[in-house]
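Structure first, commentary second.
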Amino acid sequence: MRCVEFDILCEHKLESDLGYKQLERYIALPAARPTYLVLISNRNHVIADEVIRSPVFLKPQGAVRPYFYWEHLFPAVSNSDSRLAQDFAAYMCSLGMAPCLLEGGWKDLFADQAAAENFYAVTNRLRAVFEKQGARSQADPSRLGFQIKPQIGTIHMLYIQAARFVKPAIPALAPPHLIAKVYVKSTDTARLTARENSAFSIATGEVVGRWVGKTASWNNELILSYEYIVALNDLLAPDSAETRDRLEQFGLFLNNELFPHEEAEPGV
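Everything in the sequence shown is counted per the numbering used here, starting at 741 for the first residue and increasing by one.
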């Protein structure tokens, strides 16, 4: 971004991570005149101390994180009455750039690592539904998602994550969402038969299931066959005990859908 007296390098991210020493390399670039660096993202990043201390790295005042989130910029667009601005605001919403609509202590889920750690902690009974059957679970570094690898059935992996948005959007489910993605091996023809999209009613609210049938970007031998999506606001309550109950109910629903011949009991 070229200004009258200085330049600003803008690193734009949505859900991807930073490259190796990406910000450090930007700061080290030679510049003919004053040049500053900003990071704008949708997700949490670990920023090196040398970047944070650099006088050329611009940070929002009083924010939890030392960089900007797209939701910080959203009001500047959405508050404009122009048609172009309103169309762009709608586009930003579709990409999860609008402020998070979660309630209570969960509103900073995607911007605060402590909130993400708390989210992972309250999924313990959801994970236990599968772990009791011998499945292994592994958390993402972000703590907003985790893998479940069953020891029964033909499913290779169940990946459950909190997400700001889904594409294509689901009008019946307000973002953000909890998504359960079912990965199977490309040789598993039984689970690679296209299914109709479905809506399910469980104790915590509505779940939308939809067929995907796409090869995993990180492994050509795996297919994302199906996904189950629920509004996070239906699961996250102000009380952590209630949240654990709701998440467990979602886990039991998934278990019954994916492993109908196995029994799973609620955790304690």
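Using N, Cα and C, we set each Cβ at its ideal position, and we do this for glycine too. A quick note: this is a predicted structure, and the numbers were derived from the prediction, not measured.
_Of the listed residues Arg742, Gln762 and Leu763, nearest to alanine 772 (C-alpha basis)_ = Arg742
_Once DSSP output is grouped into helix, strand and coil, what is the label at tyrosine 860?_
helix
*If you count every other CB in all the chains shown that lies within 10 Å of the CB of glutamate 843, and 16 or more means buried, which is it?*
exposed
*Pairing CB atoms from the segment 746-762 with CB atoms from the segment 781-793, are three or more of them under 8 Å?*
yes
*Compare the C-alpha of arginine 805 against each of Glu745, Val778, Gln762 and Val744 and name the closest.*
Val778
*For glutamine 762, which residues does DSSP report across the bridge?*
BP columns for glutamine 762 are empty, so no partner.
*Determine the contact status of tyrosine 860 and arginine 883, defining contact as a CB-CB distance below 7 Å.*
yes
*Could you tell me if leucine 813 is buried or exposed, where buried requires 16 or more neighbouring beta carbons within 10 angstroms of its beta carbon?*
exposed
*What's the gap between the Cα of alanine 981 and the Cα of asparagine 937?*
32 Å
_Three-state secondary structure (DSSP) of tryptophan 951_ = strand
*So what's alanine 981 in DSSP terms, helix, strand or just coil?*
helix
_Burial state of tyrosine 760 (16 or more Cβ within 10 Å)_ = exposed
*Hey, out of Val952, Thr944, Lys925 and Tyr923, whose CA is closest to arginine 935's CA?*
Val952
*Measure the CB-CB distance between valine 796 and tyrosine 776 and report whether it falls below 7 Å.*
yes
*Coarse secondary structure for tyrosine 831, derived from DSSP in three states*: helix
*State buried or exposed for asparagine 995, treating a residue as buried only when at least 16 other CB atoms are found within 10 Å of its CB.*
buried
*May I ask you to verify whether the segment 827-836 touches the segment 942-950, counting CB pairs closer than 8 Å and requiring at least 3?*
no
*Straight-line gap, glutamine 762 to glutamate 790 (C-alpha atoms, nearest Å)*: 12 Å
*Any idea if phenylalanine 850 is buried or exposed, counting beta-carbon neighbours within 10 angstroms, 16 or more meaning buried?*
buried
*For proline 1006, which of helix, strand or coil comes out of DSSP?*
With a pLDDT of 45 at proline 1006, under the threshold of 50, the modelled position of this residue cannot be trusted; read the value that follows with caution. DSSP places proline 1006 in coil when its eight states are reduced to three.
*Supposed contact pair arginine 865 and leucine 987 - C-beta distance, whole angstroms, cut 8 Å*: 7 Å
*asked:* Please list the terminal residues of the continuous alpha helix (DSSP H) segment that includes alanine 939.
replied: Here alanine 939 belongs to no alpha helix (DSSP H); instead the beta strand (DSSP E) covers 938-942.
_Extent of the continuous alpha helix (DSSP H) run through leucine 813_ = 810-818
_Buried or exposed by the 16-neighbour rule on C-beta atoms within 10 Å, applied to phenylalanine 990_ = buried
*Count the other CB atoms within 10 Å of the CB of alanine 868; is the residue buried (16 or more) or exposed (fewer)?*
buried
*Considering only residues of the same chain and omitting the five flanking positions on each side of glycine 874, which have a CB-CB separation below 8 Å?*
Pro890, Gln891 and Ile892
_Would isoleucine 895 and serine 926 qualify as a contact pair, given that the criterion is a beta-carbon distance under 7 Å?_
no
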